[in-house]
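Colleague:
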Ligand SMILES: [Zn+2]
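Residue numbers (my numbering): 5 to 174.
Given below as structure tokens:
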């Protein structure tokens, strides 16, 4: 999946906030937090959007030490993500949940790549979430469709947030 697809899918995890807390003014930061969190998993990919944004600054620490779609796309990174997310609590009470879900959305949708992910790292086996013949490539049509749907989701989020649209959950 491309960086922009990861970003918009991660940004949609902000919807989770509606389930847990009544909406407040700072809901507006949540899609950004979810979107950025979703880019972090690709710190292990030298061509990733996150490295373009940081002008390669983060690359100094991580690149070439971690195989792509291994540690950062695995289950054992999740406790670390949860720990890091707690530092966002002062930003917004829902920020840790959105950050964690946004991050997890990344290896989740990467599971639809033909290459799969090493979910059980350090075991080097690649897992896919669907059969290989249904998988689709980064930048392909399905990737773009997910980007489109994710973008619609964000527009809806902003409409609901701004009160232009009403939803009721539960
Ligand atoms: Zn990835």
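From the three backbone atoms N, C-alpha and C, an ideal C-beta is built for every residue, glycine too. Fair warning: this is a prediction, and the values are worked out from it, not measured in the lab.
Nearest CA to the CA of residue 9: which residue from 155, 137, 130?
Modeller: Of the listed residues, the one whose Cα sits closest to residue 9 is 155.
Colleague: Who sits around ligand 1, taking every residue whose Cβ is closer than 6 angstroms to one of its heavy atoms?
Modeller: Per the Cβ criterion, the list is 45, 46, 73, 77, 110, 114.
Colleague: Compare the C-beta of residue 169 with all C-beta atoms of chain B and state if any pair is closer than 8 angstroms.
Modeller: As a matter of chain content, chain B is missing from the structure shown, which is built from one protein chain.
Colleague: So who's on the other strand from residue 131, going by DSSP bridges?
Modeller: Bridge partners of residue 131: 121.
Colleague: Using three-state DSSP, classify residue 116 as helix, strand or coil.
Modeller: Note: residue 116 maps to coil in three-state DSSP.
Colleague: Going straight from the alpha carbon of residue 29 to that of residue 165, what length do you get?
Modeller: Approximately 8 angstroms, taken between the alpha carbons.
Colleague: Are the CB atoms of residue 101 and residue 20 within a distance shorter than 8 angstroms?
Modeller: In contact: residue 20 and residue 101 (Cβ atoms closer than 8 angstroms).
Colleague: How many Å lie between residue 167 and residue 161 at the Cα?
Modeller: Going by the C-alpha atoms only, they are around 10 angstroms apart.
Colleague: Would the beta-carbon of residue 115 fall within 8 angstroms of that of residue 131?
Modeller: Going by C-beta atoms, residue 115 is nearer than 8 angstroms to residue 131.
Colleague: By the three-class DSSP mapping on this structure, what secondary structure does residue 49 have?
Modeller: DSSP places residue 49 in coil when its eight states are reduced to three.
Colleague: Quick one, are the C-beta atoms of residue 107 and residue 42 less than 8 angstroms apart?
Modeller: In contact: residue 107 and residue 42 (Cβ atoms closer than 8 angstroms).
Colleague: Over what stretch of residues does the alpha helix (DSSP H) that includes residue 159 continue unbroken?
Modeller: Run containing residue 159: 145-165, per the alpha helix (DSSP H) assignment.
Colleague: Which term fits residue 50, buried or exposed, when burial requires 16 or more other beta carbons within 10 angstroms of its beta carbon?
Modeller: So residue 50 ends up on the exposed side.
Colleague: Assuming contact is defined by CB atoms lying nearer than 8 angstroms, are residue 45 and residue 158 in contact in what I supplied?
Modeller: No, the Cβ-Cβ distance between residue 45 and residue 158 is not below 8 angstroms.
Colleague: So, are the CB atoms of residue 105 and residue 39 less than 8 angstroms apart?
Modeller: Their beta carbons are not under 8 angstroms apart, which means residue 105 does not touch residue 39 by this criterion.
Colleague: Once DSSP output is grouped into helix, strand and coil, what is the label at residue 56?
Modeller: Three-state result, residue 56: helix.
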